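Chains B and D supply the protein sequences, listed in that same order. Numbers 30 to 749, taken from the numbering used here, label the letters of the first sequence in order. Numbers 11 to 170, taken from the numbering used here, label the letters of the second sequence in order. What follows is a single structure, written as structure tokens, with notes after it.
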Amino acid sequence: MVTGDISKAIRRVDAVAKCEGTVKYVSDYTFEDCLWGRLVRSSIPRGIIKAIHVPELPEGYRFITYKDIPEGGHNYLHMIATDWKCFAENEVRYVGETIGIIVGPDKTTLENLKEQIVIDYEAQEAAISIEEGLACKGGAFVNDNNIFCSLQLDVGNVDEAFQKADKIVEETFETGYQEHIYLETNGACCKPEGDGYVIYASAQCPFYIRKSIAPLLGISPEQIIVRQTTTGGAFGGKEHFPDVLCGPLLVAAYVMKKGVKVIFDREEDIENSVKRHPSQVKFKTALDKEGNIIAMDSQVYYNVGGYLSSSFVVLQRGCFHVTGCYSFPNIRTKGFGVATNAFPSCAFRGFGAPQTLFAVETHMCHIAEMQGLDPLEYKKRYFIKQGDTTSTNGKIVERVMIPEMLDQVLKASDYERKVKEYKWGSGKGIGISFYNHGGAFTGNGEQALIKGKCRLHKFADGHVEILCGQTEMGQGFHTILPKIAAHVLELPIEKVIFLDPDTSRVPDSGPTAASRSTMIVGELVERAATLMKPRYDKEEDFVVETQYEHPEGYPWDQSTFQGYAYLGYGWGVCAVEVEVDPCTAEVTTKGIWSSHDCGHLIDERIVHGQVNGGILQGIGWASTEVMQNVDGHFKQTSMSDYIVPTSMDYPKQGVYFVENPYEWGPFGAKGMGELVFNGSGAAYIDAVSKAIGKRISKIPLPTEEVMNYMLKGQDLKEAL
Amino acid sequence: MEANISFRLNGEMVSISTDPLRRLLDVLREDLGCIGTKEGCSEGECGACSILLNGHMVTSCIIPVGAVDGQDVMTIEGVSKTEGGKIIVQAFADGGAVQCGFCIPGMVIAAYYLLSNNPNPTEEEIRLGISGNICRCTGYDLVVESIKLAAQRGGDVWKR
């Protein structure tokens, strides 16, 4: 029986089978009478396809392109934007763009045939970086300026504040690509079945896949059944990207009238999958005579790549988070999604927020340090509180417990002693960051766009099945959702069934993304279980259904981006302590401490695991995870040269929480999966920058970059 | 070119006729049904395909199957049925070591290899013991704690 405080940890329902290796991921299935597929891709970042030379293919092998899309079909993937082609036609916009798929029964033969396909291009000059995109290098290919999307947000009167300013400081921050490195690479299989198709995929959002690819064949989404297979990590990398893989598979299955599967190896996955958006954030900040901030003007640029896909939404979230955990009277934020000839960027844990949060945290440090102040004392002046205005002219609805969380972290890390003792440039440093993450879809999107539904089915034998589209990808949802239902119904958790979604069996409860699953779908389950409870003993077999309802009184205008962007934020404080070797510039992390407000925790051990993993992924992004794009090709293509944290790199973390139940969440829970990524990078950079006494404005920061800053960086006290 | 290759797999002799240059990982997964051995990186870097070869931990993605002729191979399917393996599996489940699970069979092998050679490891020794196994979900802390738990619970099992 699941009783008492729901936070008390229970065993994850999937743990034992995963340990014993009996769980099947997509590559573990043997699909009967199934062909292998290999994607044939562009090898240049921009150009015109002049000719494709395909060798003579043995029987049973076929090369499939956009020309195989039937009449009535549409060669586009219907993602958030509908601009990404399933197959390139005449032009290519990035290295790795799908041109065709070669299919056949034998993997080795297929590989040999693929190697013999030769594509002639007329190469064009490509724009790879944000600067090159903005300069329209090679000529604009989106609109007349390579700006895919833009927005502007105004709070107060920025121009007036700047006229009154005593000093104006300007600073630019840059962040790089980040590769997800989910341990399980992308893979999927598509089989014709009945008058439709069945897809098995390692994916976050089964409903996204069928909506995105059905138009390729001019069929309805319902004619495609998507069955999620156990997913070995995703982090946003399997939110929209499976559409890019499943589109060609669907067309191939249609042509061949047989199942076709593709499993990427690691090199193929890194070279040809989406990444976190590289960014540039430019601040112009107005200070009064006392050094107080009276206005902040920022310009946010994200490198979108060749197609828009989800990037406008990523950019919006970045802009909404650009003032971090601070309240300023006058704010102007402009955001631009820049078209380049790089592989399109897409969702990655944090969804645009980490870039701007890193920038504002570090900018705040620098403004304090140039005045000789400790950044923490300076940041404290601006902590946002309940009722304060946000960057979208909404209000903070909930109590903000940053002061309480800060106390926990200061105590655990012995921050105040260390910050006095470790002089700037002494080789030792302790840094601290503050961050938040708006839970769920922006504004009223949950009601206006998603309209999430969930069903609970009670069977005669007493079992209850949860029916929704939410996926387990490691974050613990197979345990969280049954735990909520079991708790309300006062049942043992074994009585609650929750399977990997099959789109023909479950209602669409929206994507497993945006830190919304526990907060939004968890509430749908809680409500459904509450409706079920009085009937549970009386009725044998019945179903209850719930649908999301947005609380009244918190308006949002999606056309102007004004109003209450988020009703509940997760909040975080993180401290990191480092030592830097004065000769080699190697950084050793001595301690990591964090406190988070995720409302009421549904399972404290699962949340603890999310904190540990998110914080390390965030420090990896800020330190060793260098991913360069040279002439359109990612330079790091393996786990030997793309360096993610190992067990030896960072010490055991101190993990703390505050209790701040969220009014509209199940048992008071809020979103937290992305929050825990959002701030550790800034804390790490703050620590390193104090240890070396230099101002750091660009991540990642591998050892050689630490050395560069040590040798020729600006001192922290230098004027900005 | 095919060759007859025989080796002990999880305590039982198996014989197959195959190209001796095929990766042991592929033969285990495709021919012998050992799907618990995972392919993560294909270059011996991530540890997802870890197995025990004559009692030593190795990555099966960089070993040609011909090299194990006459040798002793243990995969997660075998290790999880040993007394020590069962203790690790239970400790991982109780300690919160598992998230997406893709690295976990390899991580169980690493824990088994560590505890078999060092029944009472320190935190540092545990971190070293799993340093060849990349996990992107957990940040390692709860894996380390779970291995401590397995050491405690195992007691004499690890000293045999």
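For every residue, glycine included, the Cβ atom is placed at its ideal position computed from N, Cα and C. Since we're looking at a predicted model, the values are computed, not measured.
Length of the line joining the Cα atoms of residue i and residue j
i, j, result
"G266/B", "M701/B", "18 Å"
"V687/B", "L435/B", "10 Å"
"D188/B", "A469/B", "33 Å"
"P129/D", "H466/B", "43 Å"
"E151/B", "L139/B", "27 Å"
"I513/B", "A397/B", "45 Å"
"I644/B", "I78/B", "44 Å"
"L640/B", "Y150/D", "Inspection of the sequence shows that residue 640/B is occupied by Val rather than by Leu. Looking at the two C-alpha atoms, the distance is approximately 11 Å."
"P511/B", "M561/B", "14 Å"
"K681/B", "G620/B", "7 Å"
"Q587/B", "G472/B", "7 Å"
"G142/D", "L86/B", "42 Å"
"E200/B", "H395/B", "9 Å"
"I131/B", "I146/B", "10 Å"
"V448/B", "Y336/B", "46 Å"
"I721/B", "G456/B", "6 Å"
"K114/B", "Y105/B", "4 Å"
"V69/B", "Y90/B", "14 Å"
"S667/B", "C51/D", "7 Å"
"V121/B", "L163/B", "19 Å"
"E445/B", "K452/B", "12 Å"
"M656/B", "P307/B", "10 Å"
"K166/B", "S71/B", "20 Å"
"Y679/B", "Y565/B", "49 Å"
Nearest neighbour of residue i, chosen from the options [CA to CA]
i, options, result
"F191/B", "Y464/B, N359/B, A720/B", "N359/B"
"C115/D", "D41/D, S52/D, R18/D, L62/D", "This sequence places Pro at residue 115/D; Cys is not what is there. Ranking the options by Cα distance to P115/D, first place goes to L62/D."
"L520/B", "A542/B, E297/B, E494/B, D537/B", "E494/B"
"A716/B", "F527/B, E427/B, S442/B, L560/B", "S442/B"
"R545/B", "S231/B, R378/B, K47/B", "R378/B"
"P383/B", "N707/B, C612/B, V55/B, P729/B", "N707/B"
"T259/B", "D317/B, G225/B, Q207/B, G50/B", "G50/B"
"V659/B", "E61/B, V124/B, F92/B", "V124/B"
"A59/B", "A217/B, I98/B, H625/B", "One point to set straight first is that residue 59/B is Thr, not Ala, in the sequence displayed. When only C-alpha atoms are compared, the closest one is A217/B."
"I631/B", "I299/B, E555/B, Y598/B, P584/B", "E555/B"
"V255/B", "C219/B, G638/B, V289/B, G261/B", "C219/B"
"N175/B", "T508/B, F116/B, Y331/B", "Y331/B"
"T94/B", "S179/B, Y229/B, G66/B", "G66/B"
"F202/B", "P729/B, K741/B, V705/B, E733/B", "P729/B"
"A243/B", "Q328/B, P584/B, Y283/B", "Y283/B"
"I39/B", "N737/B, E703/B, T732/B, I635/B", "I635/B"
"L402/B", "E747/B, Y598/B, D531/B", "E747/B"
"Y229/B", "F663/B, C63/B, E475/B, V602/B", "C63/B"
"Q437/B", "R428/B, G683/B, G539/B, I238/B", "G683/B"
"I148/B", "N186/B, I73/B, V198/B", "I73/B"
"I26/D", "S16/D, I98/D, I119/D", "S16/D"
"P404/B", "N321/B, G185/B, Q309/B, H579/B", "N321/B"
Per DSSP, the bridge partner or partners of residue i
i, result
"M325/B", "T314/B, I360/B"
"M67/D", "L62/D"
"V525/B", "V493/B"
"Q576/B", "K482/B"
"H466/B", "G599/B"
"Q757/B", "Not covered by the structure: residue 757/B. The range shown for chain B is 30 to 749."
"R750/B", "The first residue shown for chain B is 30 and the last is 749, placing residue 750/B beyond what the model contains."
"Q207/B", "R305/B"
"V121/B", "G76/B"
Cβ separation of residue i and residue j, assumed to be a contact under 8 Å, to the nearest whole Å
i, j, result
"P690/B", "I648/B", "Incorrect: roughly 30 Å between the Cβ atoms, too far for contact."
"A805/B", "C234/B", "As shown, chain B starts at 30 and ends at 749. That puts residue 805/B outside it, with no answer to give."
"G88/D", "G139/D", "At roughly 20 Å, the Cβ-Cβ gap does not stay under 8 Å, so G88/D and G139/D are not in contact."
"F270/B", "A324/B", "In fact, because the Cβ distance is near 39 Å, the residues do not count as touching under 8 Å."
Below-8 Å beta-carbon distance, residue i vs any chain A residue
i, result
"E22/D", "Absence of chain A from the displayed structure is noted, the protein chains being B and D."
*Going along the stretch 101-125 of chain D in order, which residues come within less than 7 Å of chain B, judged by CB to CB distance?*
With the criterion set as a beta carbon lying under 7 Å from some beta carbon of chain B, the members of the stretch 101-125 of chain D are F102, A103, D104, G106, V108, Q109, C110, G111, F112, C113, I114, P115, V118, in sequence order.
_Contact set between the stretch 587-619 of chain B and chain D, restricted to residues whose Cβ is under 7 Å from the partner_ = Answer in chain order: no residues at all.
*Could you run through the stretch 193-227 of chain B and flag, in chain order, every residue whose CB is less than 9 Å away from some CB of chain D?*
From the stretch 193-227 of chain B, only H209, I210, Y211, L212, E213, T214 have a Cβ closer than 9 Å to chain D.
*Taking Cβ-Cβ distances below 9 Å as the criterion, which residues of the stretch 36-47 of chain B are in contact with chain D?*
Answer in chain order: A38, R40, R41, D43, A44, V45, A46, K47.
*asked:* Using a Cβ-Cβ cutoff of 8 Å, what residues of the stretch 46-78 of chain D are near chain B? List them in chain order.
replied: Sequence-ordered contacts of the stretch 46-78 of chain D with chain B read G46, T47, K48, E49, G50, C51, S52, E53, E55, C56, A58 [C-beta pairs closer than 8 Å].
*Could you name the residues of the stretch 64-81 of chain B whose beta carbon sits closer than 7 Å to any beta carbon of chain D, in the order they occur along the chain?*
Cβ contacts with chain D come from no residue of the stretch 64-81 of chain B.
*asked:* If the cut-off is 7 Å on Cβ atoms, which residues from the stretch 648-682 of chain B count as contacting chain D, listed in chain order?
replied: Listed in sequence order: S667, M668, S669, V673, T675, S676, M677, K681, Q682.
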